[in-house]
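2 protein chains.
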Amino acid sequence: MYIGIDLGGTNIAVGIVDEDGIIKFEKSCETKKERKPNEIIEDMITLVLNILDESHVQLEKIKAIGIGIPGLADINGNVIFCVNLGWKNVPLREMLENALHKPIYIDNDATVAALAEYESGSMKNCTSGLMLTLGTGIGGGIILNGEVYSGFNGVGSELGHMVIGENFYNCNCGRNGCLETFASSTAIIKHTQKLITDMNEATTIMEKAEGNINNINAKIIFECARAGDNIANLAVNRLVKYLSIGILNIINFIDPEIIALGGGVAGAGQYLLDKVIDEVNTHKYYEELPIGKIVLAKLGNKAGIIGAAMVAKHGQIN
Amino acid sequence: MYIGIDLGGTNIAVGIVDEDGIIKFEKSCETKKERKPNEIIEDMITLVLNILDESHVQLEKIKAIGIGIPGLADINGNVIFCVNLGWKNVPLREMLENALHKPIYIDNDATVAALAEYESGSMKNCTSGLMLTLGTGIGGGIILNGEVYSGFNGVGSELGHMVIGENFYNCNCGRNGCLETFASSTAIIKHTQKLITDMNEATTIMEKAEGNINNINAKIIFECARAGDNIANLAVNRLVKYLSIGILNIINFIDPEIIALGGGVAGAGQYLLDKVIDEVNTHKYYEELPIGKIVLAKLGNKAGIIGAAMVAKHGQIN
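Here the protein sequences come in this chain order: A and B.
When the letters of the first sequence are read in order and numbered with my numbering, they come out as residues 45 to 362.
When the letters of the second sequence are read in order and numbered with my numbering, they come out as residues 45 to 362.
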């Protein structure tokens, strides 16, 4: 058994997970991210102790603990940064090891989600898989030959910052044209707001947003697009166009067996997937090019706990 | 010992190469690409028999034969296509095996060059290396853990067709924004010709090209840029800008230990390399990001023979 901890900007979720990636017990609390790192880490420890207590699983049964963080950690388990939480240089592994006396493994949340999909979801048993998490930003996770691939310096699979074109606003990273400024939920919201302002055309989006342009979210845009709204369709089509450029770059680069789409934007489901597959097939750089499968991720927000536990499992094996 | 065959649009070069990637003997002839595939393949066979004869190396000493082709082959050694040679569905392996009775291994020329640089050049002994061949087009080769990485369907590492922006002309592949339309020799020539036509400004480029805009080549442009010519500098700076975007995408994606630049454009040497490294460091998506080394390839046009022989060596080992 392993423990997986999904550290998010809103909630901390903890689960006891078996070797096959099945969650046996889970528990969560609010992150309250305005607090100091050590207070949040205290809550993580309490959550682990409580779930063990309530589930009557003995600490000895737990081989290791894995954590998915919304940021980057170095090989010693120090969190280099979590932008969204305001963390910088936090000795997360050391603090958890001192309190729980178990091996601690830490990885980026998008990588963790990819590993979860590999162990028990949409990429199960594939030779090579790549997952794109399309949320407020875009994260990437690469699995090659059954293991997470993070590159020589551990800074690979940052696919949200792949430059694929020119955009009307800059990325948070300071550059222009990053995939996440075209195909994240933030991107489609910004583009829709721009279309509404520029086009001066009636749209059902504003009705659903109760007349407030700041209430627009990705779900509303996709719903309106399916119902035939023009502005919503322009926004969805642009997202599909650039997401497909990103996917074709991925295919031309590492040609994975499976590409899985997860995160909030992928909540648009088969409707989005069909459009993306169609666009990718239309724009392959030659017609007969054999390409991997493009699928929807299966585990939803459970991927965080499962993947974190699987990071612990892989850490113990290697 | 292995035999490496470098099948190019202009010449066929053959070499006898030892286990360490050292060329012992070599010989070449013109491709005369307007001929039929079987005539060209006949010449390849004759070249192999002649070099064995002249070098007094017995055919039994040759473990296998490797070939680098300017195109794609399937896993059975059939050439799917070589655009530049006009080949489509040519059973290259079968024809060579029948004539030479040795195991035959075929791979793309850019991949072959990457393997040569890994075995005895700029990427020697690296954990992960990526080579960009900046020629009339752009080819890519990826080495992971000592082996060529070509992806699940064998269509990976086609980095010339990574879309990274918007360009004033379309790629041969039909799309817009491919890396090779920004950073190949063809790209910098086309852009320079456009600048000369659009800007109506005196430039030393036209002197060196003897007044004929069609005589411009990459070497002339780089020479003029070093000497301070304005138009040449605009062209070089744009190439550097987009090549660096491509390299940053590579770093953010697979984070290799070494990125090697080869091909005709890399003939601009340290002058180009310094500019690229500077641009990459300026635009990393965060300042402290640790990145791999960017270097010049070492083997020049010998990489074709050496790499082809090393494809044969790896084929025999695996």
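Idealized CB from N, CA, C, for every residue including glycine.
Taking 8 Å as the threshold (C-beta atoms), are residue j and residue i in contact?
| i | j | result |
| --- | --- | --- |
| B:THR75 | B:THR54 | yes |
| B:ASN133 | B:ASN142 | no |
| A:GLY173 | A:SER229 | no |
| A:ILE291 | A:VAL324 | yes |
| A:MET206 | B:PHE297 | yes |
| B:LEU140 | B:ILE187 | no |
| A:ILE208 | A:GLN237 | no |
| A:GLY112 | A:GLY344 | no |
| B:TYR46 | B:VAL58 | no |
| B:ASN77 | B:LEU129 | Here residue 77 of chain B is Lys; the residue named in the question, Asn, does not match the sequence. Yes; because the gap between Cβ atoms is below 8 Å, this pair is in contact. |
| A:ILE303 | A:ILE289 | no |
| A:VAL156 | A:VAL355 | yes |
| B:LEU223 | B:GLY204 | yes |
| A:ALA86 | A:LYS357 | The sequence shown places Glu at residue 86 of chain A, rather than the Ala named in the question. Contact: no. |
| A:ASP273 | A:THR241 | no |
| A:LEU283 | A:ALA352 | no |
| A:GLY26 | A:LEU287 | With chain A running from 45 to 362 in the structure shown, residue 26 of chain A is simply not present. |
Report the neighbours of residue i on chain B: residues whose CB is nearer than 9 Å to its CB, in chain order.
| i | result |
| --- | --- |
| A:LEU305 | By Cβ distance, chain B contributes nothing, its closest Cβ being about 17 Å from A:LEU305, past 9 Å. |
Decide if residue i is buried, meaning its Cβ has at least 16 other Cβ atoms within 10 Å, or exposed.
| i | result |
| --- | --- |
| A:GLY184 | buried |
| B:LYS68 | exposed |
| A:PRO334 | exposed |
| A:ARG270 | exposed |
| B:LYS105 | exposed |
| B:MET88 | buried |
| A:MET243 | exposed |
| A:GLY221 | buried |
| A:LYS319 | buried |
| A:TYR329 | buried |
| A:GLU161 | buried |
| B:THR177 | buried |
| B:LEU159 | buried |
| A:HIS235 | buried |
| A:GLU202 | buried |
| B:LYS346 | buried |
Roughly how many whole angstroms lie between the Cα atoms of residue i and residue j?
| i | j | result |
| --- | --- | --- |
| B:LEU278 | A:THR326 | 35 Å |
| B:GLY49 | B:GLY306 | Per the sequence shown, residue 49 of chain B should be read as Ile rather than Gly. About 19 Å. |
| B:PHE196 | B:ASN259 | 42 Å |
| A:CYS170 | A:GLU191 | 11 Å |
| A:VAL127 | A:LEU116 | 9 Å |
| A:SER166 | A:GLU83 | 36 Å |
| A:GLY359 | A:ASP322 | 38 Å |
| B:ILE124 | A:ILE66 | 44 Å |
| B:LEU144 | B:GLU163 | 25 Å |
| B:LEU51 | B:ILE95 | 16 Å |
| A:ASP299 | B:SER194 | 7 Å |
| A:CYS268 | A:ALA227 | 17 Å |
| A:ILE338 | B:ASN214 | 26 Å |
| A:LYS107 | A:ILE150 | 15 Å |
| B:THR225 | B:GLY181 | 8 Å |
| A:LYS252 | A:PHE212 | 25 Å |
| B:LEU317 | B:ILE264 | 17 Å |
| B:ASP363 | B:ILE56 | No answer is possible for residue 363 of chain B: the residues shown for chain B start at 45 and end at 362. |
| B:GLY336 | B:MET250 | 38 Å |
| B:ASN120 | B:ASN189 | 24 Å |
| B:ASN362 | B:LYS146 | 16 Å |
| B:ASN281 | B:ASN261 | 16 Å |
| B:LEU93 | B:GLU70 | 12 Å |
| A:TRP131 | A:GLY218 | 20 Å |
| A:ASN152 | A:TYR315 | 29 Å |
| B:LYS285 | A:PRO114 | 30 Å |
| A:ILE275 | A:ASN216 | 25 Å |
| A:LYS80 | A:CYS73 | 16 Å |
Anything in chain B within Cβ reach of residue i, meaning under 8 Å, just list it in chain order.
| i | result |
| --- | --- |
| A:SER172 | GLY195 and PHE196 |
| A:VAL207 | ILE208, GLY209, ILE289, LEU292 and ASN293 |
At a cut-off of 7 Å, would you count residue i as near the ligand SAH, judging by its Cβ distance to the nearest heavy atom?
| i | result |
| --- | --- |
| A:PHE212 | Summarising the ligand content, the structure contains no ligands, and the ligand SAH is consequently not present. |
For residue i, go through chain B and note every residue whose CB falls closer than 7 Å to its CB, in chain order.
| i | result |
| --- | --- |
| A:ARG219 | HIS327 and TYR329 |
| A:GLU202 | ASN296 |
Just the chain A side, please: which residues come within less than 9 Å of residue i by C-beta, in chain order?
| i | result |
| --- | --- |
| B:VAL199 | ILE295, ASN296, ASP299, LEU333, PRO334 and ILE335 |
| B:GLU245 | Per Cβ cutoff of 9 Å: no residues; B:GLU245 is ~26 Å from chain A at best. |
Counting only beta-carbon separations shorter than 8 Å, does residue i have a partner in chain D?
| i | result |
| --- | --- |
| B:LEU203 | Going by chain labels, chain D is absent from the structure shown, which instead holds the protein chains A and B. |
Ignoring anything shorter than 3 residues or poking outside the stretch 59-141 of chain B, list the beta strand (DSSP E) runs there in chain order.
67-74, 108-113, 123-126 and 131-134
Beta strand (DSSP E) runs contained entirely in the stretch 283-342 of chain B, provided each spans 3 or more residues:
302-306 and 337-340
What residue ranges within the stretch 218-258 of chain B form continuous alpha helix (DSSP H) runs of no fewer than 4 residues, ordered along the chain?
224-227, 229-243 and 248-252
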